[in-house]
Amino acid sequence: MTRAPLDVETSVPAELYADVQQFYAWQMGLLDDGKPDEWADTFTVDAVFGEPGKAGGFSGREAIRASVRERAERLAAEGVVIRHWFSMLVVRPQPDGTLRTRNYALTLATPRGGALTVRGHAVCHDHLVPDGDRLLVAHRLILPDGR
Amino acid sequence: MTRAPLDVETSVPAELYADVQQFYAWQMGLLDDGKPDEWADTFTVDAVFGEPGKAGGFSGREAIRASVRERAERLAAEGVVIRHWFSMLVVRPQPDGTLRTRNYALTLATPRGGALTVRGHAVCHDHLVPDGDRLLVAHRLILPDGR
Amino acid sequence: MTRAPLDVETSVPAELYADVQQFYAWQMGLLDDGKPDEWADTFTVDAVFGEPGKAGGFSGREAIRASVRERAERLAAEGVVIRHWFSMLVVRPQPDGTLRTRNYALTLATPRGGALTVRGHAVCHDHLVPDGDRLLVAHRLILPDGR
Numbered sequence: 001m002t003r004a005p006l007d008v009e010t011s012v013p014a015e016l017y018a019d020v021q022q023f024y025a026w027q028m029g030l031l032d033d034g035k036p037d038e039w040a041d042t043f044t045v046d047a048v049f050g051e052p053g054k055a056g057g058f059s060g061r062e063a064i065r066a067s068v069r070e071r072a073e074r075l076a077a078e079g080v081v082i083r084h085w086f087s088m089l090v091v092r093p094q095p096d097g098t099l100r101t102r103n104y105a106l107t108l109a110t111p112r113g114g115a116l117t118v119r120g121h122a123v124c125h126d127h128l129v130p131d132g133d134r135l136l137v138a139h140r141l142i143l144p145d146g147r
Numbered sequence: 001m002t003r004a005p006l007d008v009e010t011s012v013p014a015e016l017y018a019d020v021q022q023f024y025a026w027q028m029g030l031l032d033d034g035k036p037d038e039w040a041d042t043f044t045v046d047a048v049f050g051e052p053g054k055a056g057g058f059s060g061r062e063a064i065r066a067s068v069r070e071r072a073e074r075l076a077a078e079g080v081v082i083r084h085w086f087s088m089l090v091v092r093p094q095p096d097g098t099l100r101t102r103n104y105a106l107t108l109a110t111p112r113g114g115a116l117t118v119r120g121h122a123v124c125h126d127h128l129v130p131d132g133d134r135l136l137v138a139h140r141l142i143l144p145d146g147r
Numbered sequence: 001m002t003r004a005p006l007d008v009e010t011s012v013p014a015e016l017y018a019d020v021q022q023f024y025a026w027q028m029g030l031l032d033d034g035k036p037d038e039w040a041d042t043f044t045v046d047a048v049f050g051e052p053g054k055a056g057g058f059s060g061r062e063a064i065r066a067s068v069r070e071r072a073e074r075l076a077a078e079g080v081v082i083r084h085w086f087s088m089l090v091v092r093p094q095p096d097g098t099l100r101t102r103n104y105a106l107t108l109a110t111p112r113g114g115a116l117t118v119r120g121h122a123v124c125h126d127h128l129v130p131d132g133d134r135l136l137v138a139h140r141l142i143l144p145d146g147r
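Residue numbers (the UniProt record's numbering), protein chains in the order written: chain E, 1 to 147; chain Y, 1 to 147; chain W, 1 to 147.
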């Protein structure tokens with residue numbers, strides 16, 4: 001066996017790991033709290049968002065913004081609160097200073113006055129790029145389980 | 001755009017982030033493992049616990065203790081195991097050295113010999129204060145989704 | 001009250017905590033992605049895997065490997081994707097340099113073209129041993145809620 005389960009490929013320093021954990025807690029909180037504009041601003045101008053089986057994806061921050069605004073209005077009208085849990089984070093630094101990440105993603109929905117349902121599970125693959133002191137999503141690929 | 005998605009407001013150092021993550025893993029484990037006294041001791045003497053729609057909340061560690069003891073006895077009698085998952089943690093240090101935190105909170109229930117049910121999702125807003133080497137909860141506000 | 005809720009027993013340094021978080025994200029990802037051999041290699045040669053109520057457990061990496069290979073083939077044949085979420089991690093360093101850990105573990109299943117079901121919740125107690133730059137599981141005890 002020449003594999004190295006906890007080698008440099010699989011473990012990044014705590015500062016980086018905690019930064020990326022906090023990025024996702026904050027980013028997905030924006031979406032769940034109904035702040036589509038702030039959420040769209042966490043993507044690069046030319047970001048690509050792909051989710052096979054759902055609308056085919058979006059190219060560019062403004063297309064992502066338009067889509068997520070529409071989604072926020074629909075959910076508000078329906079009175080449904082969605083929560084996105086990202087966890088089981090793996091971070092892979094790239095030679096060019098960008099990051100590839102993998103998250104398990106669980107989507108939970110609660111209607112006003114109703115019971116929670118677990119909508120589904122996906123694996124989220126991101127390409128994150130530093131932009132000054134912040135991170136931006138340059139590419140997001142959502143792969144839902146069961147497809 | 002003048003927003004800073006990963007600025008000092010949203011990202012705290014890894015040591016602090018890991019400490020708070022560990023605090024919640026340990027604190028909520030006490031509750032789930034049926035240790036109401038140890039759990040109550042993680043609150044300040046004059047702590048306030050609020051959960052709109054459920055009993056109106058409690059003021060003071062001893063009121064919290066009485067409530068959680070009663071809850072532990074009831075669950076033990078019913079043979080139900082409850083698990084609280086806290087995640088998607090955001091930590092906001094305050095100028096006075098205290099911490100404001102936000103957690104996503106998922107409640108799972110499993111009866112003896114029965115199947116798991118997801119009870120519901122809430123957002124937990126805490127005010128944590130340092131007390132020597134430890135953290136204590138001075139204020140907890142649970143906001144259930146769908147209310 | 002002489003208890004110390006966030007003393008050295010409950011909080012480990014961020015570097016260690018992040019390493020162990022990453023170990024589990026990566027390890028359980030191997031299992032969920034259908035890589036039984038890589039997963040088995042994260043256990044020591046003489047590892048013990050116990051799960052009361054399910055087959056009685058396994059002794060030794062090769063017995064674990066045989067079991068997990070069979071499981072992977074069965075799930076692939078059934079077209080079911082399983083996801084294991086580990087969270088609420090507590091790490092307890094031992095005097096001999098090994099680690100005792102506790103994770104909350106949630107098992108989610110999604111059949112091809114079907115809806116997600118939450119299979120159940122357990123508490124996972126591990127004994128981790130360093131092996132060069134990596135960690136290996138020397139003992140895993142899975143305690144399912146409701147048993």
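Positions of the beta carbon are idealized from the N, C-alpha and C atoms, including for glycine.
Measure the C-alpha to C-alpha separation of residue i and residue j and round it to an integer number of angstroms.
| i | j | result |
| --- | --- | --- |
| residue 37 of chain W | residue 28 of chain W | 12 Å |
| residue 126 of chain W | residue 74 of chain E | 45 Å |
| residue 32 of chain Y | residue 82 of chain Y | 6 Å |
| residue 62 of chain W | residue 65 of chain Y | 49 Å |
| residue 60 of chain E | residue 44 of chain E | 7 Å |
| residue 175 of chain E | residue 12 of chain W | Here chain E covers residues 1 to 147 and nothing more, so residue 175 of chain E does not appear. |
| residue 46 of chain E | residue 23 of chain Y | 40 Å |
| residue 21 of chain E | residue 89 of chain E | 8 Å |
| residue 128 of chain E | residue 129 of chain W | 33 Å |
| residue 133 of chain E | residue 17 of chain W | 24 Å |
| residue 15 of chain W | residue 97 of chain Y | 23 Å |
| residue 92 of chain W | residue 42 of chain Y | 20 Å |
| residue 137 of chain Y | residue 70 of chain Y | 20 Å |
| residue 147 of chain W | residue 131 of chain E | 50 Å |
Just curious, the alpha helix (DSSP H) that residue i is in, first and last residue?
| i | result |
| --- | --- |
| residue 68 of chain E | 61-78 |
For residue i, which residues in the same chain have their Cβ closer than 6 Å to its Cβ, ignoring the five residues on either side in sequence?
| i | result |
| --- | --- |
| residue 142 of chain W | 51, 122, 124 |
| residue 48 of chain E | 59, 139 |
| residue 110 of chain Y | 81, 116 |
| residue 77 of chain W | none |
| residue 1 of chain E | Caution applies to residue 1 of chain E, whose pLDDT of 30 falls short of 50 and renders its modelled position unreliable; the value that the coordinates give is listed next. Excluding positions up to five away in sequence, the list is empty. |
| residue 72 of chain W | 34, 36 |
| residue 30 of chain Y | 38, 39 |
DSSP puts residue i in a beta bridge; with which residues?
| i | result |
| --- | --- |
| residue 12 of chain W | Bridge partners of residue 12 of chain W: none, in fact. |
| residue 81 of chain Y | Y/110 |
| residue 43 of chain E | E/137 |
| residue 104 of chain E | E/87, E/123 |
Considering residue i, what are the terminal residues of the beta strand (DSSP E) in which it resides?
| i | result |
| --- | --- |
| residue 40 of chain Y | That residue, residue 40 of chain Y, is in no beta strand (DSSP E); its alpha helix (DSSP H) goes 36-40. |
| residue 52 of chain W | First-last for residue 52 of chain W: undefined, no H or E at that position. |
| residue 138 of chain W | 134-144 |
| residue 97 of chain W | First-last for residue 97 of chain W: undefined, no H or E at that position. |
| residue 120 of chain Y | 117-131 |
Does the beta carbon of residue i fall short of 6 Å from some heavy atom of the ligand MG?
| i | result |
| --- | --- |
| residue 116 of chain Y | Of the ligands one can find in the structure shown there are none, so the ligand MG has no counterpart to examine. |
Excluding the five sequence neighbours on either side, which residues of its own chain have a C-beta within less than 7 Å of the C-beta of residue i, listed in chain order?
| i | result |
| --- | --- |
| residue 144 of chain W | 53, 120, 122 |
| residue 87 of chain W | 103, 104 |
| residue 107 of chain W | 82, 84, 119, 120 |
| residue 40 of chain W | 61, 64, 65, 68 |
| residue 94 of chain Y | 100 |
| residue 19 of chain E | none |
| residue 8 of chain Y | Since pLDDT at residue 8 of chain Y reaches only 39, below the 50 mark, its modelled position is unreliable, and the value read off the structure follows with that caveat. For residue 8 of chain Y, where only same-chain residues beyond five positions count, there are no Cβ hits under 7 Å. |
Suppose the cutoff is 8 Å on Cβ atoms and the five residues either side in sequence are ignored; what does the same chain contact list for residue i look like?
| i | result |
| --- | --- |
| residue 6 of chain W | Caution applies to residue 6 of chain W, whose pLDDT of 38 falls short of 50 and renders its modelled position unreliable; the value that the coordinates give is listed next. There are no such residues. |
| residue 57 of chain W | 48, 49, 50, 51 |
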